[in-house]
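Colleague: Quick note: to get the numbering used here, add 111 to the position in the sequence shown (first position is 1). The beta-carbon is built from N, C-alpha and C at its ideal position, and this holds for glycine as well. All of these numbers come straight from a predicted model, not from anything done at the bench.
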Amino acid sequence: MEWCETVRGATTNGQPAVLVDERATINSIRRVPAYKACMDQYFRQEGGAERELQQQIVRENNRAGAVANSTDYYVCDMETAEAVNITRFDLVGVH
Numbered sequence: 112m113e114w115c116e117t118v119r120g121a122t123t124n125g126q127p128a129v130l131v132d133e134r135a136t137i138n139s140i141r142r143v144p145a146y147k148a149c150m151d152q153y154f155r156q157e158g159g160a161e162r163e164l165q166q167q168i169v170r171e172n173n174r175a176g177a178v179a180n181s182t183d184y185y186v187c188d189m190e191t192a193e194a195v196n197i198t199r200f201d202l203v204g205v206h
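This is how it looks when you write it as structure tokens:
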């Protein structure tokens, strides 16, 4: 939460938004750009280069014209953690 508190409008008095009615929901939706700015700030300061590279791979593989049409794999998840064997995967794809 400390990252979001630096972004105007990302929190309500330091507390997370609670969606109890339509008005609260609409206000939270209006804050989505502030939430995104908060996440961008966090990833810039906390090693966002790896995350950006993962996103670039997904974009190129899944949506970028010639590459997307010629690949045998579809990347379906990023940063997956499997609890039983304590295994972590940066990218998960299906063939």
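Among the residues of its own chain, which have a CB less than 6 angstroms from the CB of R162, if the five just before and after it don't count?
Modeller: Closer than 6 angstroms at the Cβ level, and outside the excluded window around R162, lie F154.
Colleague: List the endpoints of the continuous alpha helix (DSSP H) containing T198.
Modeller: Where T198 is concerned, there is no enclosing alpha helix (DSSP H), although the beta strand (DSSP E) it sits in stretches over 198-205.
Colleague: Is there at least one Cβ from chain C nearer than 9 angstroms to D132's Cβ?
Modeller: The structure shown contains no chain C; it holds only a single protein chain.
Colleague: Rounded to the nearest angstrom, how far is the Cβ of Q211 from that of D201, given a contact under 8 angstroms?
Modeller: In the structure as shown, the chain begins at 112 and stops at 206. Residue 211 is therefore absent and cannot be evaluated.
Colleague: Where does E157 sit, in a helix, a strand or coil, going by DSSP?
Modeller: Coil, per DSSP.
Colleague: For R142 and D188, I'd like the C-alpha separation in whole angstroms.
Modeller: Roughly 26 angstroms separates the two Cα atoms.
Colleague: Going straight from the alpha carbon of T198 to that of A192, what length do you get?
Modeller: Going from the Cα of T198 to the Cα of A192 covers about 6 angstroms.
Colleague: Taking A135 as part of the alpha helix (DSSP H), name the residues at either end of that continuous run.
Modeller: That run of the alpha helix (DSSP H) goes 133-141.
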